[in-house]
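Asker: Have a look at this one.
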Amino acid sequence: MSNSKKYSVGIVGLGAMGSALALNFADHRIPVAVYNRTSERAGQLVREVGNPDLLGAFFTLEDLCASLKLPRVVILMVPSGAPVDDQIRALSGILKAGDLIVDGGNSFFQDTIRREQELAFRQISFIGCGVSGGPEGARRGPALMPGGDVAAWSLLAPLLMPIAAKNPDGRVCCRWIGPDGAGHYVKMVHNFIEYGVMELIGETVWLLAGAGFSLPECAGILRSWQKGACGGYLLGISADILETADPEGEGALLDRIVDRAEQKGTGEWALAESIRLGVPIDTLAAAVLARIVSCASRDRRSFAARCAVCGGSGALDLNAGMLEKALYPALLSCYAQGFELLRAAAVAYHWPLKLAKIADLWRGGCILQGNLLGEILPALAGETGNLFATVFLADRVRDNACAWRRTVAEA
Ligand code: 6PG
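Mapping to the working numbering: the sequence shown position 168 is 205, numbers consecutive.
Below you can see the structure in the form of structure tokens.
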């Protein structure tokens, strides 16, 4: 690969997210240099793009850095924790004052603050950037939440704005979130809400099954809700999963998947933060705890065998309309709790978080994209306080309270 300084951005780490992001840069004609410990994936990307001026592969960090335009921008797409520190240590011996390192993983925000301070000694800028949308989002347009060294944002913005998703109103799903670890904090809360929404959808399907619906019927019901207030990306992929047949046998794939939901860290950190800042986040806490319970498979099964009070399909007196009406205020609660945590963090850390702008950014590209975010925008735009205290939420809770109570009682 040629060593003339021509690439606008470098990517370290070619897992699913790093590779997809690299291809996204190339799609937008932003020349990108990639580095990976092993050469196979890098070679695949070079062949896929087929234009060495747009995507070049390098097998040492020195060569990668030498291939970049000055000041250099290097994006880390490696697992959070020690791998980020390892790469920063290696890069900081090569990069010079004025260069920028961006961490695009799900890092703990206090680590981001520490890293920015450590790199500042060498006059290397650091930005922690939340990236949402999974590999598909990273490839076609993710939601991006950069935070950290604000002076470096002018260097990064021309690279990130073109590759980000657009929301339904055409606004780019990328904006400066705030200083320190604000970007990673907002991504952490995004994931916290994601855990809550996933748990609620999971419980809804469980209740539908208890009311006698088969998994393909549940999929059809979720799809019929897509245009309504509960509609969104997570509801859509849940329907996809429910109707996927086991490719290696009879029946649904879901019945063949081990019912353990592990977690990479963001849910647990957010739960600890909520307790630290004194923000009640019951629904989201329940979702994190449900994942922990799910992993205690043996105890769970023996408890179920001894204590089952009812069971079997058709045991519950619930219908789809009632469950949709119960799901809606429960989903609203997830968002209200998440935004309340962000409001508390803005005060505690002196960050200028704009809640309505964050909700608007999440309306495209990310895992939370859905109809409900558009609905709560006006209530958030007032920035007057807790969403639970708004007329908007009170009206929605009142309108759906009967179905919600009935569902909880039956459950
Ligand atoms: C996203 C997702 C993605 C992933 C997290 C959480 O926005 O694209 O949040 O980042 O879901 O890594 O993973 P766990 O659910 O395994 O904690």
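Note that CB positions come from ideal geometry on N, CA and C, so glycine has one too.
1) Per DSSP, which one or two residues make a beta bridge with residue 44?
2) Are three or more beta carbon pairs between the segment 182–194 and the segment 234–249 nearer than 8 Å?
3) Per the DSSP calculation, residue 113 is bridged to which residue(s)?
4) Take residue 51 as the anchor and find which of 251, 433, 142, 238 has the nearest alpha-carbon.
5) Which first and last residues belong to the alpha helix (DSSP H) in which residue 363 is found?
6) So does residue 21 have its beta carbon nearer than 8 Å to some heavy atom of the ligand 6PG?
7) Tell whether a beta-carbon distance below 9 Å holds between residue 276 and residue 260.
8) Should residue 303 be counted as a contact of the ligand 6PG given a C-beta to heavy atom distance under 8 Å?
9) Assign residue 299 to buried or exposed, taking buried as 16 or more other Cβ atoms, counted over all protein chains shown, within 10 Å of its Cβ.
10) Can we count residue 227 as close to the ligand 6PG, meaning its CB is less than 8 Å from some heavy atom?
11) Check residue 162 in the structure and name its three-state DSSP category.
12) Residues in the same chain with beta-carbon distance under 8 Å from residue 147, minus the five sequence neighbours each way, listed in chain order, please.
13) In terms of residues, what are the limits of the alpha helix (DSSP H) holding residue 273?
14) With distances taken between CB atoms, is the gap from residue 114 to residue 156 smaller than 9 Å?
15) Assuming residue 193 is part of the alpha helix (DSSP H), what are its boundary residues?
16) On the DSSP bridge list, what partners appear for residue 95?
17) Mind checking whether residue 200 and residue 95 have CB atoms under 9 Å apart?
18) By DSSP's criteria, residue 169 is part of a beta bridge. Which residues make up the other side?
Answerer: The structure says:
1) 105
2) Contact check between the segment 182–194 and the segment 234–249: fewer than three CB pairs, one atom from each, fall below 8 Å, which does not count as touching.
3) 49, 140
4) 142
5) First-last of the alpha helix (DSSP H) with residue 363: 357–386.
6) Not covered by the structure: residue 21. The range shown for the chain is 38 to 448.
7) yes
8) yes
9) Counting other Cβ atoms within 10 Å of its Cβ, residue 299 stays below 16 and is therefore classed as exposed.
10) yes
11) strand
12) 218, listed in sequence order.
13) Start and end: 270–279.
14) no
15) 190–200
16) 72
17) no
18) 180
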